[in-house]
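In this text, residue positions in the sequence shown follow the numbering used here: the first is -3, and each later residue adds one.
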Amino acid sequence: MSSDVSETISDSKKGINELIQQGKPFNPKHSRSATLHTLGKKIFGWQKSFAFCTDAQAFKLVDADVAGKVRDYEQWVQRKTSGLPHDKLMPILGIPITELLFKADVAKRKTK
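This is the structure we're talking about:
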């Protein structure tokens, strides 16, 4: 479980770094909001898969481990995005850029 959380966070960090440092296209699944949503779904699934357990201590340990990793990730994202222009910040956070959406709509209308 722990390695799956680490891998999800690592993939997000890699995508964010590539956007910031190299200007590479950004995969929305690596955004902060998508990453946290993915982690939430995985953790919910894990708990349901192990619902037969009789001791809450194991879940408490998983929660503490995940919380530490998420806290570190949140601080990392904050440091990386501090001072970024909105055209890089918004995708990292998982928020659409309305200007780009508008331009895409206009381009679609022109091709029809």
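By construction, the Cβ of each residue, glycine as well, lies at the ideal position given by its N, Cα and C atoms. This one's a predicted model, so the numbers in the text were calculated from it and none came from an experiment.
With distances taken between CB atoms, is the gap from residue i to residue j smaller than 9 Å?
i: V58; j: I39; result: yes
i: K76; j: I16; result: yes
With a 10 Å radius around its C-beta and 16 neighbouring C-beta atoms as the bar for buried, classify residue i as buried or exposed.
i: R28; result: buried
i: V102; result: exposed
i: H82; result: exposed
i: S8; result: buried
i: I91; result: exposed
i: T4; result: buried
Helix, strand or coil: which one does DSSP assign to residue i?
i: N13; result: helix
i: I93; result: coil
i: T107; result: helix
i: T4; result: helix
i: D83; result: helix
i: K20; result: coil
i: A100; result: helix
i: T77; result: helix
i: F55; result: helix
i: F40; result: helix
i: S27; result: coil
i: T50; result: coil
Excluding sequence positions up to five away, which residues of its chain have a Cβ less than 7 Å from the Cβ of residue i?
i: V1; result: L35, V62 and K65
i: G11; result: F22, N23 and H26
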